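**Student:** Okay, here's the structure, questions in a sec.
In the UniProt record's numbering, the protein residues as written are 1 to 443.
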């Protein structure tokens, strides 16, 4: 993935293997699910770019994992992956298929509202294949072997159900047969992945296997419920699944269903809100001129309705009542975003920007006139008070100007703006009343 080259990706003969932590031996190395820290962006032949995330999952049925542990991890890995590689040794036994049925049933329950096949691609990777005279190494031999192994014939009903279940869970099922990598790999405790220690036949098939999974033309885009998932959407799914895995007990499939539905709706909310923000940026963004509040309100209402329609049009899980809660969340976030856009637009109005200094100048002028009049008639205490207020207003004006010039003490500047706005509204003869979004919605 780093080299992005069909010829040189294997590396040099003396180059040790890097990547996910690994080692030989009978004890497990990987625990839980690991994701590579870098996302690879690959351009497909049709010109669109996809992000590739590599995930490593612990093996099934080690000495420290229960069946439920394995089922949950396999289900979670499959639910978040577009291609699941099922790594087996030497052959596909009947118990391997039964375990696969158990694992996928756990994930299938969590995706029970998806009436299509819930998962995408399953690749059986059979290492140490010892029967190349029956089925040759590679993808073609693996496909012929797997078709025979998963064929539904005159077997016992239980065996037929296992095969039917596997076919019903995955849209695409493949198989690749790998030879044994050699005794140096199997018996040398110091083996570090150098190509020189690996048998030529294994290296030959490895060169065929990796492009089958990772070449641009073979990449499978992740879908959930028939909808392609973006990186932002996948992040919502990861967050939702992390919540239910924070406890000591592994989650029930129903909890995973709820987490999937939650992430699905949050992704729809994010997409609808993003569409609203982009449209509003075109209306009153940073480089756009000032727009009248009434026109901005009208555009907001139109775009808000379009955003809600976008949310409703996205295929979601959880049912009508569940989705309605997220629609209300979207509407609240859109109103909050509109308030921010409105404030930003007001800041472009030269008269609005001059409101604070105009108010302070007016206060100073009025206090100056009152001071002269009261001093002339002999009411010195009132004149002194007016002079004091005039001095405070002048000081506030100087501080406000410094804040606007330097960008420092913004909190103090905000307080001065708030006081000036309050005075302005108090002395205004008429204050136009803004019609709220909720009032417009029910007109």
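All residues carry an ideal CB built from backbone N, CA and C; glycine is no exception.
Owing to the predicted nature of the structure, the values given are computational and were not obtained by experimental measurement.
To which residues of the same chain is residue 436 closer than 6 Å at the C-beta, ignoring the five residues directly before and after it?
**Tutor:** Taking the chain shown and counting its residues from 1, one reaches residue 436 at position 436. The predicted model places residue 436 with a pLDDT of 42, which falls under 50 and marks its position as unreliable, so this point remains unresolved.
**Student:** In whole angstroms, what is the alpha-carbon distance linking residue 238 and residue 358?
**Tutor:** As a first step, residue 238 must be located in the chain shown, where it is residue number 238. As a first step, residue 358 must be located in the chain shown, where it is residue number 358. Residue 238 and residue 358: Cα-Cα distance of roughly 53 Å.
**Student:** In this structure, how does DSSP classify residue 241 when only helix, strand and coil are distinguished?
**Tutor:** Locating residue 241 in the chain shown gives position 241, counting from the first residue. DSSP places residue 241 in helix when its eight states are reduced to three.
**Student:** So what does DSSP say about residue 315, is it helix, strand or coil?
**Tutor:** The count along the chain shown starts at 1 and reaches residue 315 at position 315. Three-state DSSP puts residue 315 in coil, outside helix and strand.
**Student:** Do the segment 358 to 376 and the segment 328 to 339 meet, that is, are 3 or more Cβ pairs less than 8 Å apart?
**Tutor:** Verdict: no, contact absent.
**Student:** Just the C-alpha distance for residue 398 and residue 319, rounded to the nearest angstrom, thanks.
**Tutor:** Along the chain shown, read from residue 1 onward, the residue named residue 398 stands at position 398. Along the chain shown, read from residue 1 onward, the residue named residue 319 stands at position 319. Roughly 59 Å separates the two Cα atoms.
**Student:** For the alpha helix (DSSP H) holding residue 169, just list the boundary residues, first then last.
**Tutor:** Mapped onto the chain shown, residue 169 falls at position 169. Residue 169 -> alpha helix (DSSP H) spans 157 to 169.
**Student:** With 16 other CB atoms within 10 Å as the buried threshold, where does residue 278 fall?
**Tutor:** Residue numbering aside, residue 278 sits at position 278 when the chain shown is read from its first letter. So residue 278 ends up on the exposed side.
**Student:** Let me know the secondary structure DSSP gives residue 387 once reduced to three states.
**Tutor:** For the purposes of this step, residue 387 is taken as the residue at position 387 of the chain shown. Looking at residue 387 - three-state DSSP - the assignment turns out to be helix.
**Student:** Would residue 45 be called buried (16 or more neighbouring beta carbons within 10 Å of its own) or exposed?
**Tutor:** For the purposes of this step, residue 45 is identified with residue 45 of the chain shown, where counting begins at 1. Residue 45 comes out exposed.
**Student:** Let me know if residue 491 comes out buried or exposed under the rule of 16 or more other beta-carbons within 10 Å of its beta-carbon.
**Tutor:** Residue numbering for the chain in the displayed model covers 1 to 443; residue 491 lies beyond these limits and cannot be assessed.
**Student:** Given this structure, state the Cα-to-Cα distance separating residue 411 from residue 396, to the nearest angstrom.
**Tutor:** As a working note, residue 411 is residue 411 in the chain shown. As a working note, residue 396 is residue 396 in the chain shown. Taking the straight line from one Cα to the other gives about 13 Å.
**Student:** DSSP three-state label for residue 48, please.
**Tutor:** For the purposes of this step, residue 48 is taken as the residue at position 48 of the chain shown. In this structure, residue 48 counts as coil in the three-state DSSP scheme.
**Student:** Would you mind stating whether residue 119 and residue 78 have Cβ atoms separated by less than 7 Å?
**Tutor:** The residue you call residue 119 lines up with position 119 of the chain shown. The residue you call residue 78 lines up with position 78 of the chain shown. Yes, the pair counts as a contact, with Cβ atoms nearer than the cut-off.
**Student:** Starting from residue 368, trace the alpha helix (DSSP H) in both directions and tell me its first and last residue.
**Tutor:** Along the chain shown, read from residue 1 onward, the residue named residue 368 stands at position 368. Taken as a continuous stretch (DSSP letters only), the alpha helix (DSSP H) holding residue 368 covers 355 to 377.
**Student:** Where DSSP assigns a beta bridge to residue 449, which residues make up the other side?
**Tutor:** For residue 449 there is no data in the structure shown, the boundaries of the chain being 1 and 443.
**Student:** Can you name the start and end residues of the beta strand (DSSP E) that residue 85 belongs to?
**Tutor:** The count along the chain shown starts at 1 and reaches residue 85 at position 85. Counting along the chain, the beta strand (DSSP E) containing residue 85 begins and ends at 83 to 89.
**Student:** Per DSSP, residue 127 is paired with what?
**Tutor:** Stepping through the chain shown from its first residue, residue 127 is reached at position 127. BP columns for residue 127 point to 89.
**Student:** Assign residue 141 to one of three DSSP states: helix, strand, or coil.
**Tutor:** What you label residue 141 is simply residue 141 of the chain shown in a count that begins at 1. Here residue 141 sits in helix by DSSP.
**Student:** Which stretch, first to last residue, makes up the alpha helix (DSSP H) that contains residue 205?
**Tutor:** Reading the chain shown from its first residue, position 205 is the one you call residue 205. First-last of the alpha helix (DSSP H) with residue 205: 200 to 214.
**Student:** Assign residue 10 to one of three DSSP states: helix, strand, or coil.
**Tutor:** As a position in the chain shown, residue 10 is number 10, starting the count at 1. In this structure, residue 10 counts as coil in the three-state DSSP scheme.
**Student:** Is there a Cβ from chain D that is less than 7 Å from the Cβ of residue 166?
**Tutor:** Structure shown: chain D not included; a single protein chain is present.
**Student:** Taking C-beta to C-beta, are residue 117 and residue 171 nearer than 7 Å?
**Tutor:** Stepping through the chain shown from its first residue, residue 117 is reached at position 117. Stepping through the chain shown from its first residue, residue 171 is reached at position 171. Yes; because the gap between Cβ atoms is below 7 Å, this pair is in contact.
**Student:** In angstroms, rounded to a whole number, what distance separates the CA positions of residue 416 and residue 426?
**Tutor:** For the purposes of this step, residue 416 is taken as the residue at position 416 of the chain shown. For the purposes of this step, residue 426 is taken as the residue at position 426 of the chain shown. Rounded to whole angstroms, residue 416 to residue 426 spans 15 Å at the Cα level.
**Student:** By alpha-carbon positions, which one of 90, 122 and 140 ends up nearest to residue 181?
**Tutor:** The sequence position of residue 181 within the chain shown is 181, counting from 1. Here the closest residue by C-alpha is 90.
**Student:** If I follow the unbroken beta strand (DSSP E) through residue 34, where does it start and stop?
**Tutor:** Here residue 34 refers to the residue found at position 34 when the chain shown is read from its first residue. Residues 33 to 35.
**Student:** List the whole-angstrom C-beta distance separating residue 34 from residue 123, where the pair is believed to meet the contact cut-off of C-beta under 8 Å.
**Tutor:** Indexing the chain shown from 1 puts residue 34 at position 34. Indexing the chain shown from 1 puts residue 123 at position 123. Actually they do not touch by this definition, with Cβ atoms about 19 Å apart.
**Student:** Determine which residues share a DSSP beta bridge with residue 172 and list them.
**Tutor:** As a position in the chain shown, residue 172 is number 172, starting the count at 1. 121.
**Student:** Could you give the DSSP three-state label for residue 341: helix, strand or coil?
**Tutor:** The residue you call residue 341 lines up with position 341 of the chain shown. DSSP places residue 341 in helix when its eight states are reduced to three.
**Student:** Name the two residues that bound the continuous beta strand (DSSP E) containing residue 57.
**Tutor:** The residue labelled residue 57 in the question sits at position 57 within the chain shown. First-last of the beta strand (DSSP E) with residue 57: 55 to 57.
**Student:** Given this structure, state the Cα-to-Cα distance separating residue 10 from residue 183, to the nearest angstrom.
**Tutor:** By 1-based counting over the chain shown, the position of residue 10 is 10. By 1-based counting over the chain shown, the position of residue 183 is 183. Spanning the two alpha carbons is a distance of roughly 21 Å.
**Student:** Work out the CA separation of residue 296 and residue 441 for me, nearest whole Å.
**Tutor:** Looking up residue 441 in the chain shown gives position 441. Looking up residue 296 in the chain shown gives position 296. At residue 441 the pLDDT is 39, less than 50, meaning the model places this residue with poor confidence and gives no usable figure here.
**Student:** Taking 6 Å as the cut-off, is the C-beta of residue 181 nearer than that to any heavy atom in the ligand ATP?
**Tutor:** Among the ligands in the structure shown, none appear at all, so the ligand ATP cannot be discussed.
**Student:** Pairing CB atoms from the segment 371 to 387 with CB atoms from the segment 334 to 346, are three or more of them under 8 Å?
**Tutor:** Counting Cβ pairs under 8 Å, fewer than three are found: no touch.
**Student:** Does the Cβ-Cβ distance between residue 125 and residue 74 come in under 7 Å?
**Tutor:** Your numbering for residue 125 matches position 125 in the chain shown. Your numbering for residue 74 matches position 74 in the chain shown. Not a contact, by the Cβ cut-off of 7 Å.
**Student:** Work out the CA separation of residue 419 and residue 434 for me, nearest whole Å.
**Tutor:** Taking the chain shown and counting its residues from 1, one reaches residue 434 at position 434. Taking the chain shown and counting its residues from 1, one reaches residue 419 at position 419. Legend: pLDDT at residue 434 = 43, less than 50; position of this residue unreliable, no value from coordinates given.
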